[in-house]
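Engineer:
In UniProt numbering, the protein residues as written are 1 to 236.
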């Protein structure tokens with residue numbers, strides 16, 4: 001459900017959050033989109049309990065999900081606004097404890113305006129096994145996602161993890177974090193979400209194919225076709 005400003009129990013907090021520079025509608029729309037995606041991730045079993053975080057960059061400010069709240073039940077009034085250093089500007093709660101990852105990614109990727117960190121079941125299985133996601137198993141994975149490495153384990157919520165993830169995403173759309181979860185980026189929130197959904201679908205498909213006898217990869221000549229026709233760059 002999307003509440004109007006009149007019937008949302010948190011409408012006062014939301015309105016205070018949204019208004020900046022006389023453009024409250026833009027900020028309200030941003031907060032609503034953030035909540036919509038956070039709830040979508042929860043409904044698709046890509047986050048549970050207090051896990052996961054989502055952010056959108058708007059100019060020199062970042063709208064991010066709060067710490068300590070189940071994302072399946074948050075409202076626009078829970079959303080927090082920070083600057084790129086993580087200094088809180090508006091909002092009633094605290095920004096996500098994994099906010100450092102978002103800020104470091106944004107610093108290194110001016111083309112990125114949205115970030116999703118989630119814990120999809122099959123993707124987390126890959127992260128627990130310290131396995132990368134190959135880019136040569138499904139055409140849509142090749143074109144929209146690319147190669148997804150599994151980064152070494154680093155303590156969550158630390159600047160060390162933030163820097164490692166930012167470096168890993170310098171030229172990629174997604175990474176796995178060992179024993180942790182997945183991160184996708186995009187020019188907007190829908191693109192970041194679609195990449196997360198495709199990442200999970202790819203992991204699930206690889207697991208099922210392995211059970212059925214093994215994964216057959218797209219032939220190298222076809223991969224070269226994708227590179228030539230879709231402007232892709234492959235590692236190695």
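Think of the CB as a built atom: it goes at the ideal place given N, C-alpha and C, for glycine as much as any other residue.
Sort 227, 160, 202 and 30 by Cα distance to residue 99 and report the nearest one.
Structural biologist: When each option's Cα is compared against that of residue 99, the closest is 160.
Engineer: For the beta strand (DSSP E) that contains residue 53, what are its first and last residues?
Structural biologist: From DSSP, the beta strand (DSSP E) with residue 53 extends over 53-58.
Engineer: Give me the Cα-Cα distance between residue 128 and residue 179, rounded to the nearest whole angstrom.
Structural biologist: One C-alpha to the other measures close to 5 Å.
Engineer: At the level of alpha carbons, what is the spacing between residue 158 and residue 177?
Structural biologist: Distance between the alpha carbons of residue 158 and residue 177: 13 Å.
Engineer: Considering only residues of the stretch 106-169, which uninterrupted beta strand (DSSP E) runs meet the minimum length of 3 residues and lie entirely inside it, listed in chain order?
Structural biologist: Entirely contained in the stretch 106-169, the beta strand (DSSP E) runs reaching 3 residues are, in chain order, 114-118.
Engineer: Classify residue 176 as helix, strand or coil using the three-state DSSP reduction.
Structural biologist: In this structure, residue 176 counts as strand in the three-state DSSP scheme.
Engineer: Please work out which residues of its chain come closer than 8 Å, Cβ to Cβ, to residue 132, disregarding the five sequence neighbours upstream and downstream, and give them in chain order.
Structural biologist: Here the set comprises 126, 147, 148, 149, 150 and 176.
Engineer: Report the residue from 168, 68 and 60 whose alpha carbon sits nearest the alpha carbon of residue 89.
Structural biologist: The residue with the shortest Cα to Cα distance from residue 89 is 60.
Engineer: Between residue 73 and residue 207, is the Cβ-Cβ spacing less than 8 Å?
Structural biologist: For residue 73 and residue 207, no; Cβs fall outside 8 Å.
Engineer: Closer than 6 Å by C-beta to residue 37: which residues in its own chain qualify, once you throw out the five before and the five after it? Chain order, please.
Structural biologist: So the qualifying residues of the chain are 54, 189 and 193.
Engineer: Would you mind giving the Cβ-Cβ distance between residue 84 and residue 183, rounded to the nearest angstrom? I have them listed as a contact below 8 Å.
Structural biologist: Actually they are not in contact, since the Cβ atoms of residue 84 and residue 183 sit about 17 Å apart, beyond 8 Å.
Engineer: Determine the burial state of residue 227: buried for a count of at least 16 other Cβ atoms within 10 Å of its Cβ, exposed for fewer.
Structural biologist: By the neighbour-count rule (16 or more Cβ atoms within 10 Å), residue 227 is not buried but exposed.
Engineer: With burial defined as no fewer than 16 other Cβ atoms inside 10 Å of the residue's Cβ, what is the status of residue 216: buried or exposed?
Structural biologist: Exposed, since its Cβ has fewer than 16 Cβ neighbours within 10 Å.
Engineer: Does DSSP put residue 69 in a helix, a strand or coil?
Structural biologist: Coil at residue 69, not helix or strand.
Engineer: Tell me whether the beta-carbon of residue 138 lies closer than 8 Å to the beta-carbon of residue 205.
Structural biologist: Taking 8 Å as the Cβ cut-off, residue 138 and residue 205 qualify as a contacting pair.
Engineer: Kindly list the residues whose CB is nearer than 7 Å to the CB of residue 168, restricted to its own chain and excluding five residues on each side of it in sequence; keep chain order.
Structural biologist: The residues are 149, 151 and 175.
Engineer: Need the endpoints of the beta strand (DSSP E) that residue 89 sits in, please.
Structural biologist: Where residue 89 is concerned, the enclosing beta strand (DSSP E) stretches over 88-90.
Engineer: Straight-line CA distance for residue 163 to residue 218?
Structural biologist: Spanning the two alpha carbons is a distance of roughly 33 Å.
Engineer: Counting C-beta neighbours from all protein chains within 10 Å, is the total for residue 211 16 or more, i.e. buried, or is it exposed?
Structural biologist: Looking at its Cβ environment, which holds fewer than 16 other Cβ atoms inside 10 Å, residue 211 is exposed.
Engineer: Assign residue 202 to one of three DSSP states: helix, strand, or coil.
Structural biologist: Helix.
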